[in-house]
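Colleague: Mind looking over this structure? Questions follow.
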Amino acid sequence: MFEAIDKTWTLFLDRDGVINERIPGQYISKIEDLKLTPGCRQAIASFNYYFSKIVVVTNQAGISKGLTTPEQLTAVHNYIALELKKFHARIHKYYHCPDLADTNSPCRKPAVGMGHQAKKDFPEIDFSKSIMVGDSHSDMEFGKALGMKCILIEGKAEDVELLTDYPVDGRYASLFEFAQALNEDQGI
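For the sequence shown, the numbering used here assigns the number 250 to the last residue and increments by one with no breaks.
Written as structure tokens, this is what we have:
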């Protein structure tokens, strides 16, 4: 599937629907609402073996809608970090865009602002040696626009039709399933 992935590669992850279960039509504003996807802790621990950096890029319009606050978002991300630490797993940085879809924001996926911010923070990032894992059309467009490999986690109901024939580098039911395939592909 992929050439040998080594520590010169970067993994970009969407959050909702990839790391945690999506709640259709809602925003996760409290830790009590957060449910990590099955196997995601183990998957990210596995990815830490391959990738020099793992970053999250997530649209969070709930902030602009007044349904969640930046502090609540930080608390959710801190909780995810604690859960990952139990499995010796780590996400290096979280990027979020609070802007609404109709604002044409340069940071809101599919716009590439969060990718450029990650590159600014981690100059060693090479987009041609990066993988974007997401569950939406905007995630795939974000990755393609930056020249990344794109992995689709299938299941976002509102994007099924858009993504049926969309050219991606792999389709999986979960982040854990992608990690298993990557381990097999890399001979682990």
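No residue lacks a Cβ here, since even glycine has one placed at the ideal position from N, Cα and C.
Whole angstroms is fine: what's the gap from G196's alpha carbon to K211's?
Modeller: So the two alpha carbons sit approximately 11 Å from each other.
Colleague: Apart from the five residues just before and just after R251, which ones in its own chain have a Cβ nearer than 8 Å to its Cβ?
Modeller: This structure cannot speak to residue 251, because the chain is shown only from 63 to 250.
Colleague: Who are the Cβ neighbours of E83 in its own chain at under 7 Å, not counting the five residues just before and after it?
Modeller: K97, T99.
Colleague: Once the 5 residues before and after S167 are set aside, which same chain residues still bring their CB inside 8 Å of it?
Modeller: Excluding sequence neighbours, S167 sits near C159, D161, A173, G175.
Colleague: Classify Q88: buried if its beta carbon has 16 or more other beta carbons within 10 angstroms, exposed otherwise.
Modeller: Of the residues assessed, Q88 falls on the exposed side of the cut-off, its CB having fewer than 16 other CB atoms within 10 angstroms.
Colleague: Just to confirm, are V222 and M202 a CB contact at a threshold of 9 Å?
Modeller: no
Colleague: For K155, which of helix, strand or coil comes out of DSSP?
Modeller: strand
Colleague: Pop quiz: K171 and N121 are said to be a contact at Cβ under 8 Å. What is the actual Cβ separation, rounded to whole angstroms?
Modeller: 5 Å
Colleague: Tell me which same chain residues have a C-beta within less than 6 Å of the C-beta of K155, skipping the five on either side of it?
Modeller: V117
Colleague: Looking only at its own chain, which residues have a Cβ that is under 6 Å from the Cβ of V119, when we skip the five neighbours before and after it?
Modeller: F74, Y157, M176
Colleague: How many angstroms separate the CA atom of E246 from the CA atom of G128?
Modeller: 44 Å
Colleague: Compute the beta-carbon to beta-carbon distance between G79 and I213, rounded to the nearest angstrom, for a pair I have assumed lies under 8 Å.
Modeller: Not confirmed; about 13 Å, so no contact.
Colleague: Y111 to H178, Cα distance in whole Å?
Modeller: 24 Å
Colleague: Identify every residue that forms a DSSP beta bridge with R233.
Modeller: L214
Colleague: Is the Cβ-Cβ distance between A235 and I106 less than 9 Å?
Modeller: no
Colleague: Can you tell me the Cα-Cα spacing of G217 and D76, whole angstroms?
Modeller: 13 Å
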